[in-house]
Amino acid sequence: SKETEEASISLYYDFKDVPVPKKLKLQKEKSFVFQTTEFTTGILTFSGKIESDSLISYFINKMPDDGWRFLSSFKSPKNILFFQKESRFCIITIISRAFSTNLEILITPRFRSGFKGM
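Going by the working numbering, the sequence shown opens with residue 250, and the numbers climb by one from there.
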């Protein structure tokens, strides 16, 4: 469909290996990125008029091109996709609203098994 074609045109933002459909607009006030020499982590938030099913298909098809491995997903009014790469996780949340769709991309480092949390 035309919408699927439009959704497939990608841009890259702070996470240089996570594609984002060009049709979505970055919400800077709802985004946060922390960068060190070792890694980049944070949340990028977008919104736009793309159906959530088209976005789910987009990420499942496009993320492997950048080396991400699909792990699992939850489908509900809030759709969550989990991806993994060597040293990182990517959690993508897609929420359908009345007139637009919200997208959050969370990148977090994957710590070795010896890491103890709080």
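All C-beta atoms in this analysis are idealised placements derived from N, C-alpha and C, irrespective of residue type, glycine included.
### Task
Please go through the same chain and pick out, in chain order, the residues whose beta-carbon is closer than 6 Å to the beta-carbon of S259, but skip the five residues on each side of it.
Correct list, in chain order: P268.
### Assumed close pair D266, V282 - CB separation to whole angstroms, cut-off 8 Å
Contact flag wrong, Cβ pair sits at about 14 Å.
#### Entry: Integer-rounded CB distance, given that I344 should sit under 8 Å from I305
Contact flag wrong, Cβ pair sits at about 12 Å.
### Task
Check whether the Cβ atoms of S303 and T294 sit closer than 8 Å, and answer yes or no.
When the beta-carbon positions are compared, S303 and T294 stay at least 8 Å from each other.
### Task
Let me know the secondary structure DSSP gives P268 once reduced to three states.
DSSP, reduced to helix, strand and coil, places P268 within a strand of the structure shown.
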